[in-house]
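Asker:
There are 2 protein chains.
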Amino acid sequence: MNHFETIFDFFTKKLAGEIEEISKRVPEKLYEPVIYSLNMGGKRIRPVLLLMAYQMFRSDLEKALPAAFAIELFHNFTLLHDDIMDNAHLRRNFKPVHIEYSNNAAILSGDAMSILSYEYITKCESVNSKEIIDLYTNTALKICEGQQFDMDFEASNNVSVDDYLNMIGLKTAILLATSLKLGAIIAEAPVEDAQLLFDMGYNLGLAFQLQDDLLDTFGNQDIFGKTIGGDIVSNKKTFLLITALKLAKHDQLTELNVWLQKINFSRDEKIEVVKKIFSELKIFEITQKKIEYYFQIALNCWEKINVDLERKEGLLSVAKNLMDRQN
Amino acid sequence: MNHFETIFDFFTKKLAGEIEEISKRVPEKLYEPVIYSLNMGGKRIRPVLLLMAYQMFRSDLEKALPAAFAIELFHNFTLLHDDIMDNAHLRRNFKPVHIEYSNNAAILSGDAMSILSYEYITKCESVNSKEIIDLYTNTALKICEGQQFDMDFEASNNVSVDDYLNMIGLKTAILLATSLKLGAIIAEAPVEDAQLLFDMGYNLGLAFQLQDDLLDTFGNQDIFGKTIGGDIVSNKKTFLLITALKLAKHDQLTELNVWLQKINFSRDEKIEVVKKIFSELKIFEITQKKIEYYFQIALNCWEKINVDLERKEGLLSVAKNLMDRQN
């Protein structure tokens, strides 16, 4: 069993105990969707990263557990509310809370999860408790800002690559970064190492999201687990489309815009045409390079973390696994 | 100018400055509804109570301001989400955020307000900061629980007076109680006084909500500012209806149940019949007594607070004003 799996199993077991505790709270209807959501599973990547970062500096993993629960609760809270806003119909192969229960349940139980996450994060006994709570709150607010930018971009025709990178930084990368940094802060690691872990997480997060965009268009449908081309069909302003719109000239640009504006179209035809233009513009290669660029920065940060190799090699392999995924 | 007005003006002025700061944040679309909601006004009763409690023990009011902002932000966040859940069409004579903007805006900007309130509450520099944040989080979660109970009760035919009092305790009274207690804790007041203020606020909150129920049925429409009888028309399980269902016998109970189950009816006729039954059962008098009962407990707590009369008489007059209101 590798390091990730060991910590994943440790966390999953502890989380099950915590879910048991939450299930004793009333009113039941408030906490049922919380438990449903936590039981949906998922990769638990954020809490595991937090625990791995902690373990680079200290071995008494229990001490970092409340923060790991907090991060997982907060992440799930954002999914509950995002799924209402995005009108999502599937989440990790389950019905999202707003469909399984109701919109109201998803709103109110989401609110409770967000507050419950504060109950956990403030349980961390640490000399750094002010720094912990400030980082946590700052991150939580940035995630809301990222979600708003994402919604704004849907209605905008003027989104630059920098706008996009800023948005995914807020919406996705910062929570990976903060997870790693929190682990370090709770372990009372040196400030420089905590910052390196943050930077590593942030760049890994950007690479991860760009990879997600790439898989949505160029992935293998059987492995990816969801329909390929969803982003193309919905005109989602991903790195791929934004870059294509920037590079396309004359006929290509005209054709791209025609397809972006079409209301009635064959789904497969749209995907085929847009992918053809993407290929002509070498969008796959450009995105791949961008992913490698951010992944390399993440690796550089990792290298500089001032702990023995045996304490940090687990994190390297997790980072590599994250990027090797095809789903 | 009385004590309440002095502090109200102080708070309102400081809040305006804070709104100015919030308006500089981006994305605009996230923070616009926050500002819209804060600018709707309202009595600012919670932050003013917090500041009044603080001023019983210390004079440097600025120190308690972040907590006062936090409480006002949190209260407004709950209104944003409650108004979606209750499908409300009017809030303080303005369109609620979900109508003026959109459901998504009310969800996400509400989330941001909730987190922003944590930014403020954690700004309180105090030796009691752990106690402050724990009380705050505990209260926030209880308010969610109260809202869920309230929604549960709509679908239940088995709500007791105790259930109801517990629900309004969670949904309404606890935030008044916590506002007062936070003021005391931030001022580093003796533990006994902080607890007396909490108990005073809680009982005042119960009296206040029961008064609200009473006005909805027996108020003067011109002064009350909203249509009388809304609770009767919607079968809202208030103290009045629950008590009537408990006391009604034979024909009265049958008639009451007939009207509760009617789907098509004349609004005015339903209000008239139900009010007639309420009168026969002396519901007005019973509720009035219950209000006086809780108000008296609040006064007893106030009396025991161990500070000079001149430092606490302002709070007494606010409490009395709250109960004298007709809207």
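Respectively, the protein sequence lines represent chains A and B. The first sequence stops at residue 328 when you use this note's numbering, and every number in between is there. The second sequence stops at residue 328 when you use this note's numbering, and every number in between is there. Positions of the beta carbon are idealized from the N, C-alpha and C atoms, including for glycine.
Which of the three DSSP states, helix, strand or coil, is assigned to B/F95?
Answerer: For the purposes of this step, residue 95 of chain B is taken as residue 94 along the second sequence, with counting starting at 1. Strand at B/F95.
Asker: Pairing CB atoms from the stretch 65-72 of chain B with CB atoms from the stretch 95-106 of chain B, are three or more of them under 8 Å?
Answerer: Judged by Cβ distances under 8 Å, the stretch 65-72 of chain B makes no contact with the stretch 95-106 of chain B, as fewer than three pairs qualify.
Asker: Could you list which residues in chain B have their beta carbon closer than 8 Å to that of A/C125, in chain order?
Answerer: Translated into the one-based positions of the first sequence, residue 125 of chain A becomes position 124. Here the premise fails: no neighbours, minimum Cβ distance about 11 Å.
Asker: Check the Cβ of B/S115 against every Cβ in chain A and list those closer than 8 Å, keeping chain order.
Answerer: By 1-based counting over the second sequence, the position of residue 115 of chain B is 114. By Cβ distance, chain A contributes D112, S115, I116.
Asker: Please confirm whether B/F150 has its beta-carbon closer than 9 Å to some beta-carbon of chain A.
Answerer: Here residue 150 of chain B is taken as the residue at index 149 of the second sequence, counted from 1. Closer than 9 Å to some Cβ of chain A, the Cβ of B/F150 qualifies, so yes.
Asker: In or out: A/I306 buried (at least 16 other Cβ within 10 Å) or exposed?
Answerer: In the first sequence, the residue the question calls residue 306 of chain A occupies position 305. Buried is the call here.
Asker: Helix, strand or coil for A/H251, going by three-state DSSP, please let me know.
Answerer: As a working note, residue 251 of chain A is residue 250 in the first sequence. It is helical.
Asker: Which bits of chain A does B/T138 rub up against, with CB to CB less than 8 Å?
Answerer: Translated into the one-based positions of the second sequence, residue 138 of chain B becomes position 137. The answer, in chain order, is I116, Y119, E120, T123.
Asker: Can you look up A/S115 in the DSSP assignment and give me helix, strand or coil?
Answerer: Taking the first sequence and counting its residues from 1, the one referred to as residue 115 of chain A is at position 114. Correct three-state label for A/S115: helix.
Asker: Under three-state DSSP, which class holds A/H82?
Answerer: Start at 1 with the first residue of the first sequence, and residue 82 of chain A comes out as number 81. DSSP places A/H82 in helix when its eight states are reduced to three.
Asker: Counting only beta-carbon atoms, is B/D213 nearer than 9 Å to chain A?
Answerer: Numbered from 1 along the second sequence, position 212 holds the residue referred to as residue 213 of chain B. Not one chain A Cβ lies under 9 Å of B/D213.
Asker: Determine the direct distance from the alpha carbon of B/Y37 to that of A/K237, and round the result to whole angstroms.
Answerer: Within the first sequence, numbered from 1, the residue matching residue 237 of chain A stands at position 236. Within the second sequence, numbered from 1, the residue matching residue 37 of chain B stands at position 36. If I take the Cα positions, the gap works out to 30 Å.
Asker: Roughly how many angstroms lie between the CA atoms of B/L91 and B/A107, to the nearest whole one?
Answerer: By one-based count along the second sequence, residue 91 of chain B stands at place 90. By one-based count along the second sequence, residue 107 of chain B stands at place 106. Their Cα atoms are separated by approximately 14 Å.
Asker: My guess is that B/R47 and B/I72 are in contact by the Cβ rule of under 8 Å, so how many angstroms apart are they, rounded?
Answerer: Translated into positions along the second sequence, residue 47 of chain B becomes position 46. Translated into positions along the second sequence, residue 72 of chain B becomes position 71. Contact flag correct, Cβ pair sits at about 5 Å.
Asker: Please classify B/T173 as buried or exposed, where buried requires at least 16 neighbouring CB atoms within 10 angstroms.
Answerer: Here residue 173 of chain B corresponds to residue number 172 of the second sequence, with the count starting at 1. Looking at its Cβ environment, which holds 16 or more other Cβ atoms inside 10 Å, B/T173 is buried.
Asker: Measure the C-alpha to C-alpha separation of B/I122 and B/I116 and round it to an integer number of angstroms.
Answerer: As a first step, residue 122 of chain B must be located in the second sequence, where it is residue number 121. As a first step, residue 116 of chain B must be located in the second sequence, where it is residue number 115. Whole-angstrom Cα-Cα distance: 10 Å.
Asker: For B/T132 versus B/I186, is the C-beta distance shorter than 9 Å?
Answerer: For the purposes of this step, residue 132 of chain B is identified with residue 131 of the second sequence, where counting begins at 1. For the purposes of this step, residue 186 of chain B is identified with residue 185 of the second sequence, where counting begins at 1. For the record, residue 132 of chain B in the displayed sequence is Glu; it is not Thr. Yes, they are a contact pair.
Asker: Is the stretch 263-279 of chain B touching the stretch 192-212 of chain B, taking contact as three or more C-beta pairs under 8 Å?
Answerer: No, the stretch 263-279 of chain B does not touch the stretch 192-212 of chain B.
Asker: Residues of chain A with CB under 9 Å from B/M86, in chain order?
Answerer: Your numbering for residue 86 of chain B matches position 85 in the second sequence. Those within 9 Å of B/M86 in chain A are N104, N105, I108, L109.
Asker: Using a Cβ cut-off of 9 Å (strictly closer), state whether A/D135 contacts chain B.
Answerer: Start at 1 with the first residue of the first sequence, and residue 135 of chain A comes out as number 134. Yes - at least one Cβ of chain B is within 9 Å of the one on A/D135.
Asker: Buried or exposed: which applies to B/H251, given that a residue is buried once 16 or more other Cβ atoms fall within 10 Å of its Cβ?
Answerer: Locating residue 251 of chain B in the second sequence gives position 250, counting from the first residue. Looking at its Cβ environment, which holds fewer than 16 other Cβ atoms inside 10 Å, B/H251 is exposed.
Asker: May I have the straight-line CA-CA distance separating A/N40 from A/D84, to the nearest angstrom?
Answerer: One-based indexing of the first sequence puts residue 40 of chain A at position 39. One-based indexing of the first sequence puts residue 84 of chain A at position 83. Cα-Cα distance, rounded: 17 Å.
Asker: How many whole angstroms separate the CB atoms of B/L177 and B/L205, which I take to be in contact at a CB cut-off of 8 Å?
Answerer: Here residue 177 of chain B refers to the residue found at position 176 of the second sequence. Here residue 205 of chain B refers to the residue found at position 204 of the second sequence. With 8 Å as the limit, B/L177 and B/L205 qualify as a contact, their Cβ atoms being about 6 Å apart.
Asker: Need the endpoints of the alpha helix (DSSP H) that B/F11 sits in, please.
Answerer: The sequence position of residue 11 of chain B within the second sequence is 10, counting from 1. That run of the alpha helix (DSSP H) goes 4-23.
Asker: Taking the alpha helix (DSSP H) that B/N204 belongs to, which residues open and close that run?
Answerer: Sequence index remark: in the second sequence, residue 204 of chain B carries index 203 (1-based). Segment 192-219, the alpha helix (DSSP H) holding B/N204.
Asker: For A/D112, count the other beta carbons within 10 Å of its own beta carbon; 16 or more makes it buried, fewer makes it exposed. Which is it?
Answerer: The residue labelled residue 112 of chain A in the question sits at position 111 within the first sequence. Counting Cβ neighbours within 10 Å, A/D112 comes out buried, since at least 16 surround it.
Asker: Quick one, which of A/N139, A/I229, A/I233, A/F240 has its alpha-carbon nearest A/D163's?
Answerer: Your numbering for residue 163 of chain A matches position 162 in the first sequence. The shortest Cα separation from A/D163 among A/N139, A/I229, A/I233, A/F240 belongs to A/F240.
Asker: Which stretch, first to last residue, makes up the alpha helix (DSSP H) that contains B/A299?
Answerer: As a first step, residue 299 of chain B is located in the second sequence; it is residue number 298 there, counting from the start. B/A299 -> alpha helix (DSSP H) spans 284-305.
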